[in-house]
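Participant: Just dropping this structure here.
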Amino acid sequence: MSGTHSSSALPAPIARLWESLRERSRSKRALLLMAPLLVFELLLFVAPFLILLRISLTDGSQDLRYAPGTWSISGYGEVFTTDVLLNAITYSIKLGLLATAITVVIATFYAYAIWRSEGLVKSALLFSVILPLLTTLVIKTYAFMPLLSPNGTLNDVLLSLNLISEPIQFVPGTVGVVVGQVYIVLPYAVLAIYSVLATMDWGIVEAARDLGASRPRSVLEVVVPQAMPGIIVATVISFAWSVGAYAAPGLLGDGQNKARAFALVVEEQLLTNLQWEVATAYAVVMLLLMVVSIVLLTATLNYFGGEFEYA
Amino acid sequence: MHREQFENALFRAGYLAILVFMLLPLAVVVVTSFAESGNLAFPPESYSLVHYRAFFEQTRWLSAFDNSLLVGVGTTIVATTLGVTAAFGHEIDDGRAGQVLAPLVLVPLLIPPIILGISMRVYFVRAGLEASYLSIVLAHTLWATPLVYFVMRSVFSRFDWQLLDAAKDLGAGPIRSFVYAVLPNVKHGIFVGALLAFIISLQEFVMALFLSSRSTETIPVVAWTQIRQSLDPMVSVVSTFLIVISLIAIVIATIATNLDWLSKQLS
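Chains as they are written, first to last, in my numbering: chain R, 1 to 311; chain Y, 1 to 267.
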């Protein structure tokens with residue numbers, strides 16, 4: 001922009017050359033500023049993944065964690081033939097789907113409530129999302145133990161109200177894992193949807209209501225389709241993190257054979273069994289399954305998101 | 001009319017229930033830290049400060065505190081430097097490098113920390129950086145930088161670039177014009193970005209678990225190992241400290257900007 005004064009006095013070809021030189025130095029400077037982060041990402045994100053992939057393609061070794069320099073797909077073979085590993089994948093994907101479904105429904109409702117509220121209520125609701133978001137996973141899962149264990153608060157309340165006759169074991173168990181995982185991902189999902197809703201015009205919803213739509217219908221048919229980009233981000237985040245969940249299944253799960261999450265089994269392969277080629281192949285398989293599921297989930301949501309508008 | 005009132009009541013009950021669900025677990029942690037007995041129960045039968053006193057006598061917790069602080073400060077410095085410079089570069093010129101950078105920076109956030117932790121552990125063992133502070137700082141930077149980067153892009157996009165051009169026309173060099181024309185307008189953003197980077201590092205646990213040793217373990221890692229052995233209100237004490245630190249950070253960030261803007265940045 002500042003180049004216009006100086007270049008206007010010059011003949012046209014020279015001015016053009018001057019501008020292009022200026023542009024080039026500008027983008028060179030921009031590149032120089034972006035270079036450190038690019039290098040960092042290459043060294044600490046791309047390179048580790050390539051090495052992970054490479055190790056997953058080596059042969060097993062008796063006395064080392066893997067046999068460097070060899071090529072083999074025995075790690076992958078092991079993943080697809082070992083029941084423990086396959087069960088954990090099934091369990092984690094089920095956990096991911098369940099936790100995501102619950103999270104996205106609650107998050108959409110809560111984001112809508114934040115969007116519609118004002119003043120102190122709005123601040124309180126936003127605060128209730130940000131504080132857990134900035135709290136460590138360990139605390140978030142640990143807090144459910146005194147609440148959900150057989151002699152915990154919830155069971156005490158249910159027993160004293162005579163709603164149940166003997167304590168229910170939510171924790172350790174899959175119920176506890178799902179509750180804990182929903183609690184972990186909910187703040188991220190709420191904010192993803194809220195940030196999209198915040199750009200939306202309330203007038204459209206009012207118009208729908210003036211035209212006779214009931215309130216639940218106006219939300220379902222006007223708000224939800226508009227919020228779809230946020231809902232999709234919320235789904236992707238919730239699913240990716242729940243499939244890879246470590247803390248909730250580790251602390252709140254019962255660890256029985258068929259109810260062990262992927263994260264716990266892969267940790268065991270890596271740190272206890274010291275079979276790196278299996279552990280890395282397992283991680284690669286899980287990552288691929290996750291990406292495929294996310295693509296399918298997103299496509300489904302897009303499909304239904306489009307449907308709502310015409311319903 | 002009745003139907004509308006009923007709907008309103010239902011709506012309010014719905015979001016209040018979620019509000020309780022969001023804050024109750026944290027309240028449980030804070031309240032149990034004041035319990036007198038050694039059993040974890042909510043609500044506790046009687047209250048005291050015994051566990052706080054005991055906390056300050058345990059060297060493992062205290063050294064974990066030092067480790068967390070060291071890793072947190074390291075992450076903040078690296079992530080803020082990388083994030084601010086890259087966001088500034090991206091705003092100057094939205095070329096091909098920027099188009100590669102934005103998704104590349106974002107992807108690590110979508111990969112489960114367990115998988116990142118594994119790939120980093122394997123990588124650092126090969127690089128001979130196993131169980132060093134540096135490995136944890138670098139891993140946390142991978143998570144903290146995207147936040148700084150996106151906060152700063154949002155801040156720079158609202159910055160009036162003619163100020164920078166004016167400074168240059170008046171003869172200031174690139175560094176001087178950045179310090180005098182840009183910095184005063186974006187310092188709140190940088191501060192909030194740095195604060196978020198610190199909190200993320202302080203609270204991160206899965207990658208730290210895979211990358212730390214007994215001498216470099218951070219608070220969440222010690223808390224995790226303790227909980228797995230026995231449930232003891234000491235963990236509640238430490239958790240209360242962590243919650244209070246996050247609380248203070250939110251208050252400071254809200255004063256520097258506002259809560260609504262902060263929430264949009266975190267998504």
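All C-beta atoms, glycine included, are put in the ideal place defined by N, C-alpha and C.
Note that the coordinates shown come from a computational prediction; the quantities given were computed from them, not determined experimentally.
Which residues, in chain order, does the region 16–45 of chain Y contribute to contact with chain R at a C-beta distance below 7 Å?
Facilitator: Residues Ile18, Leu19, Met22, Leu23, Pro25, Leu26, Val28, Val29, Thr32, Leu40, Ala41, Phe42.
Participant: Counting only beta-carbon separations shorter than 8 Å, does Y/Leu142 have a partner in chain R?
Facilitator: Output row for Y/Leu142: interface = yes.
Participant: Between the region 138–153 of chain R and chain Y, which residues of the former have a C-beta closer than 7 Å to a C-beta of the latter?
Facilitator: So the close ones are Val138, Ile139, Lys140, Tyr142, Ala143, Phe144, Met145, Pro146, Leu147, Thr153.
Participant: Note the first and the last residue of the continuous alpha helix (DSSP H) segment covering R/Gln226.
Facilitator: That run of the alpha helix (DSSP H) goes 224–243.
Participant: At the level of alpha carbons, what is the spacing between Y/Phe241 and R/Val105?
Facilitator: Rounded to the nearest angstrom, the two C-alpha atoms are 32 Å apart.
Participant: Can you tell me where the alpha helix (DSSP H) with R/Thr272 in it begins and where it stops?
Facilitator: Where R/Thr272 is concerned, there is no enclosing alpha helix (DSSP H), given that its DSSP letter is neither H nor E.
Participant: Since Y/Val238 and Y/Ala223 are thought to touch, with beta carbons under 8 Å apart, how far apart are those beta carbons, to the nearest angstrom?
Facilitator: Their Cβ separation, rounded to whole angstroms, is 6 Å, which keeps Y/Val238 and Y/Ala223 in contact under 8 Å.
Participant: Using beta-carbon positions only, say whether R/Ala30 and R/Ala107 come within less than 8 Å of one another.
Facilitator: Cβ atoms of R/Ala30 and R/Ala107: not closer than 8 Å.
Participant: Within the 8 Å Cβ cut-off, does Y/Val206 reach chain R?
Facilitator: Yes, Y/Val206 counts as interfacial toward chain R.
Participant: Can you tell me which of Y/Thr59, Y/Arg3, Y/Gly14, Y/Leu16 puts its alpha carbon nearest to the alpha carbon of Y/Ser215?
Facilitator: Closest option to Y/Ser215, Cα to Cα, is Y/Thr59.
Participant: In chain order, what residues of the region 178–197 of chain Y put their CB closer than 7 Å to some CB of chain R?
Facilitator: Those would be none; no residue qualifies.
Participant: Per DSSP, which residues does Y/Tyr47 bridge with? Please list them.
Facilitator: Partner(s): Y/Ala35.
Participant: I'd like to know if Y/Pro216 contacts chain R, where contact means its C-beta is closer than 8 Å to some C-beta of that chain.
Facilitator: Looking at the sequence itself, residue 216 of chain Y is Thr, so the reference to Pro does not match. So no, Y/Thr216 is outside the interface.
Participant: Measure the Cβ-Cβ separation of Y/Pro220 and Y/Ser33 and say whether it is below 8 Å.
Facilitator: No; because the gap between Cβ atoms is not below 8 Å, this pair is not in contact.
Participant: For chain R, check one thing: does any of its Cβ atoms lie closer than 8 Å to the Cβ of Y/Asp160?
Facilitator: Chain R contact via Cβ: absent.
Participant: Return no unless some Cβ of chain R is closer than 8 Å to the Cβ of Y/Gln229.
Facilitator: No, Y/Gln229 lies away from the interface with chain R (no Cβ there is under 8 Å from its Cβ).
Participant: With a threshold of 8 Å between beta carbons, is Y/Glu130 in contact with chain R?
Facilitator: Not an interface residue.
Participant: Determine whether the Cβ of R/Met228 lies closer than 8 Å to any Cβ atom of chain Y.
Facilitator: R/Met228 does not count as touching chain Y.
Participant: Just the Cα atoms here: how many angstroms apart are R/Glu309 and R/Gln226?
Facilitator: Caution applies to R/Glu309, whose pLDDT of 44 falls short of 50 and renders its modelled position unreliable; the value that the coordinates give is listed next. When rounded, the distance between both Cα atoms is 9 Å.
Participant: Which one or two residues does DSSP pair with R/Asp59 in a beta bridge?
Facilitator: Answer is R/Ala67.
Participant: Quick one: what does DSSP say R/Asn162 is sitting in, helix, strand or coil?
Facilitator: The answer is coil: DSSP assigns R/Asn162 none of H, G, I, E or B.
Participant: CB-CB under 8 Å to Y/Glu36, same chain, minus the five flanking residues each way: which ones, in chain order?
Facilitator: Around Y/Glu36: Pro44, Glu45, Ser46, Tyr47, Ser48, Val50.
Participant: Can you tell me whether R/Pro150 is helix, strand or coil according to DSSP?
Facilitator: It is coil, neither helix nor strand.
Participant: Which value, in whole angstroms, describes the spacing of the CA atoms of R/Val138 and R/Pro146?
Facilitator: Rounded to whole angstroms, R/Val138 to R/Pro146 spans 14 Å at the Cα level.
Participant: Excluding five sequence neighbours on each side, which residues of the same chain lie with their C-beta closer than 8 Å to the C-beta of R/Leu53?
Facilitator: Answer for R/Leu53: Thr280, Val284, listed in chain order.
Participant: Please state whether the Cβ-Cβ distance between Y/Ile115 and R/Gly244 is less than 8 Å.
Facilitator: Contact: yes.
Participant: Counting only the same chain and skipping the five closest in sequence on each side, list residues whose C-beta sits under 6 Å from that of R/Ile102.
Facilitator: Taken in chain order, the residues that qualify are Val182.
Participant: Do you know how far the Cα of R/Phe80 is from the Cα of R/Ile73?
Facilitator: Whole-angstrom Cα-Cα distance: 11 Å.
Participant: Is the region 204–215 of chain Y touching the region 133–149 of chain Y, taking contact as three or more C-beta pairs under 8 Å?
Facilitator: Counting Cβ pairs under 8 Å, three or more are found: they touch.
Participant: Does the beta-carbon of R/Met1 have 16 or more other beta-carbons within 10 angstroms, so that it is buried, or is it exposed?
Facilitator: For R/Met1, the predicted model reports a pLDDT of 41, less than 50, meaning its position is unreliable; a value from the coordinates is still stated below. Exposed, because fewer than 16 other Cβ atoms sit within 10 Å of the Cβ of R/Met1.
Participant: Does any residue of chain R bring its CB to less than 8 Å from the CB of Y/Leu138?
Facilitator: Closer than 8 Å to some Cβ of chain R, the Cβ of Y/Leu138 qualifies, so yes.
Participant: For Y/Ile227, which residues from the same chain have a beta carbon less than 6 Å from its beta carbon, with the 5 sequence-adjacent residues on both sides left out?
Facilitator: Closer than 6 Å at Cβ, skipping near neighbours: Val235.
Participant: Would you mind reading off the limits of the alpha helix (DSSP H) that contains R/Lys258?
Facilitator: That residue, R/Lys258, is in no alpha helix (DSSP H); it is neither H nor E in DSSP.
Participant: To which residues of the same chain is Y/Leu10 closer than 6 Å at the C-beta, ignoring the five residues directly before and after it?
Facilitator: Closer than 6 Å at the Cβ level, and outside the excluded window around Y/Leu10, lies no residue.
Participant: Just to confirm before moving on: does the CB-CB distance between R/Gly176 and R/Phe127 stay below 8 Å?
Facilitator: Contact flag unset, no.
Participant: For R/Lys140, does the count of other Cβ atoms within 10 angstroms reach 16, so buried, or fall short, so exposed?
Facilitator: With 16 or more Cβ atoms within 10 Å of its Cβ, R/Lys140 is classed as buried.
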